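Enquirer: The following block contains the structure, expressed as structure tokens.
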Amino acid sequence: MPSYTYAVKAQRLLRARGYPCRIRRREKTSSKGCGFTVLINGSCDGAERLLTGYAVPYSVRGGGADDDKL
Amino acid sequence: MINFDNAATTFPKPLSVRRAAAEAIKSFGGNAGRGGHELAMRTSEALYSARETAAGFFGAAPENTVFTLNCTHALNMAIQGVMSEGGHIIISSMEHNSAARPAVALAMKKQVTLSVAEVFPDRERTLESFRRLIRSDTRAVVCTIASNVTGQLLPYKEIGQLCRENGICFIADGAQACGIYDIKLSDGINILCTAGHKGLYGITGTGLLLTDGQYPIKPIMQGGTGSNSLSLFQPSILPDSLESGTPNVIGAVTVGAGINFIGSYGMNRLRTHEEQLCRLFIEGLEGTDGITVYRDAAAEYAPIVSFNIDALGSEETAELLSERGFCLRAGYHCAALAHATLGTKGGTVRFAPSVFNTEEEVRKLVYNVKILKNLPNS
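Residue numbers (my numbering), protein chains in the order written: chain A, 202 to 271; chain B, 441 to 818.
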């Protein structure tokens, strides 16, 4: 997420639709430097559609074993 | 002390706002949007909640809702940001200096050309003033929704429609209208600028710029935003592009609390109360020789009344009223154009009640204005 504003917007949209997620600060969310990551437990498929629908800018990054990151 | 200077800043603030300020000082001491630790995240969450509340109130997206220092700051950002590539700008003849000065400054630098649309009591004539000034290179129209001097309401929805038909950015100054009228971006406003410390009942040092995103606003200030930190260029995303530096979280939280106060009290109820106080004030002075009230039957007004005791200067009147425990603003109200339009060479005294004033307080004021009017030197 490019900023905290979008991260919280995404988090609230996702939580309202049953996606357990949390926000974490990251030093490199893109080549431009620090920003915020929304960590989702489980699949991001529906989440991506949701965020696209609400014009929330995001990029998907590889997560851990059970995590997807937006 | 009785405060009738609420058009400058509302006082007192609602209990819920004072409590929100205290809670913000106690709990939201981090730097919003910067750190990832608990304190920073909690503070960021509080700022977002306030942003979301303000966005919902004006029909904007949260990310297009920018916290500013005050309405002047918001208007400067909007005017300078939209007109950064030049063009023609139109402002009304009732503008506050917060809109007039940045427009004039750009015109003096030859960066833009400037026209002033004359405002009349009649809405149609005012609208025609704007219509006549539109040119092929007109980029923006700036118009107050309600005059800070007389409270006169301008036909902002019609002006918005005119702008939309001509592909012009409509920047509205809502400083005296927001919190009293249900102002939405969908009224035809592209960029709404307002104060947080007036009708929204937040603390001083707060303002808002809300945009529909249709007209890019070039930042007038660059700096740290907590995002894209490796880039030496200002981020293009809102609100970051227009919110450099540590935000006034405590102020933003009070604006959110103030908006919630308006919601729970009821905006119509609030406005009706203030209008009733204005009516009482005007009726109390009606028929009194030597007092001028600046209202025209053809115009509509927000709950503000400008008046003068003819034999006294406006500042002298305010000073004498202050000695009697009343706070009213006199002089020119930072509105050179408006006073020129009204022809009030000595300024006026402004009566501006809030939801916390009472009819009894207004009766006391009327009584004291009449006493002043009858003083031997008046």
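The beta-carbon is built from N, C-alpha and C at its ideal position, and this holds for glycine as well. Note that the structure is predicted; figures quoted are calculated from it, not measured.
E558/B to G607/B, Cα distance in whole Å?
Expert: On the second sequence, residue 558/B is found 118 positions in, with the first residue counted as 1. On the second sequence, residue 607/B is found 167 positions in, with the first residue counted as 1. Each residue's alpha carbon lies about 21 angstroms from the other.
Enquirer: Closest Cβ-Cβ distance between R225/A and chain C: below 8 angstroms?
Expert: Considering every chain present, this structure includes no chain C. Its protein chains are A and B.
Enquirer: Please name the residues in the stretch 235 to 246 of chain A whose beta-carbon is closer than 9 angstroms to at least one beta-carbon of chain B, in chain order.
Expert: Within the stretch 235 to 246 of chain A, the qualifying residues are C235, G236 and F237.
Enquirer: Under three-state DSSP, which class holds F521/B?
Expert: Position 81 of the second sequence, counted from the first residue, corresponds to residue 521/B. The question names Phe, but residue 521/B is Gly in the sequence shown. DSSP places G521/B in helix when its eight states are reduced to three.
Enquirer: Using 10 angstroms around the beta-carbon of F673/B, count the other beta-carbons present and answer buried if the total reaches 16, otherwise exposed.
Expert: Position 233 of the second sequence holds residue 673/B. Counting Cβ neighbours within 10 Å, F673/B comes out exposed, since fewer than 16 surround it.
Enquirer: For chain B, is any of its Cβ atoms less than 8 angstroms away from the one on D267/A?
Expert: Taking the first residue of the first sequence as 1, we reach residue 267/A at position 66. Below a pLDDT of 50, predicted positions are generally treated as unreliable, and D267/A, at 42, falls in that range; the measurement from the model is reported next regardless. For D267/A, the answer is no, since every Cβ of chain B falls outside 8 angstroms of its Cβ.
Enquirer: Chain A partners of E485/B, CB-CB under 8 angstroms?
Expert: Here residue 485/B refers to the residue found at position 45 of the second sequence. V209, listed in chain order.
Enquirer: Taking Cβ to Cβ, would you say L768/B is nearer than 8 angstroms to G698/B?
Expert: Translated into the one-based positions of the second sequence, residue 768/B becomes position 328. Translated into the one-based positions of the second sequence, residue 698/B becomes position 258. No, they are not a contact pair.
Enquirer: For F468/B, which three-state DSSP category applies?
Expert: By one-based count along the second sequence, residue 468/B stands at place 28. It is coil, neither helix nor strand.
Enquirer: List the residues of chain A whose Cβ lies closer than 9 angstroms to the Cβ of I677/B, in chain order.
Expert: If you number the second sequence from 1, residue 677/B lands on position 237. Simply P203, S204, T206, Y207 and P258.
Enquirer: Report the residue ranges of all beta strand (DSSP E) runs contained in full by the stretch 468 to 510 of chain B; include only those spanning at least 3 residues, in chain order.
Expert: Listed in chain order, the complete beta strand (DSSP E) runs (minimum 3 residues) inside the stretch 468 to 510 of chain B are 505 to 508.
Enquirer: Look at the alpha carbon of D267/A and the alpha carbon of L650/B, and state the distance between them as a whole number of angstroms.
Expert: The residue given as residue 267/A occupies position 66 in the first sequence. The residue given as residue 650/B occupies position 210 in the second sequence. Any reading at D267/A must be qualified, since the residue scores a pLDDT of 42, below 50, and its modelled position is unreliable; the value itself is stated next. Their Cα atoms are separated by approximately 39 angstroms.
Enquirer: Given P258/A, which residues of its chain have a CB within under 7 angstroms of its CB, disregarding the five upstream and five downstream residues?
Expert: Looking up residue 258/A in the first sequence gives position 57. Same-chain partners within the cutoff: P203 and Y207.
Enquirer: Would you list, in chain order, the members of the stretch 464 to 489 of chain B that have their beta-carbon closer than 9 angstroms to a beta-carbon of chain A?
Expert: Against chain A - using a Cβ distance shorter than 9 angstroms - the residues of the stretch 464 to 489 of chain B are A472, G473, R474, G475, G476, H477, A480, M481, S484, E485, L487, Y488 and S489.
Enquirer: Restricting to Cα atoms, I'd like to know which of T788/B, E683/B, D680/B and F701/B is closest to P454/B.
Expert: Taking the first residue of the second sequence as position 1, residue 454/B is located at position 14. It is F701/B.
Enquirer: Could you check the C-alpha separation between T686/B and A462/B for me, to the nearest Å?
Expert: Your numbering for residue 686/B matches position 246 in the second sequence. Your numbering for residue 462/B matches position 22 in the second sequence. Each residue's Cα considered, the two are about 19 angstroms apart.
Enquirer: If F444/B sits next to N797/B, beta carbons under 8 angstroms apart, how far is it from one beta carbon to the other, in whole angstroms?
Expert: Position 4 of the second sequence holds residue 444/B. Position 357 of the second sequence holds residue 797/B. The Cβ separation is near 7 angstroms, so the contact holds.
Enquirer: Does the Cβ of N808/B lie closer than 7 angstroms to at least one heavy atom of the ligand PLP?
Expert: What this structure holds is no ligand at all, so the ligand PLP is not there to describe.
Enquirer: Report the neighbours of P502/B on chain A: residues whose CB is nearer than 7 angstroms to its CB, in chain order.
Expert: If you number the second sequence from 1, residue 502/B lands on position 62. The contacting residues are T206 and K210.
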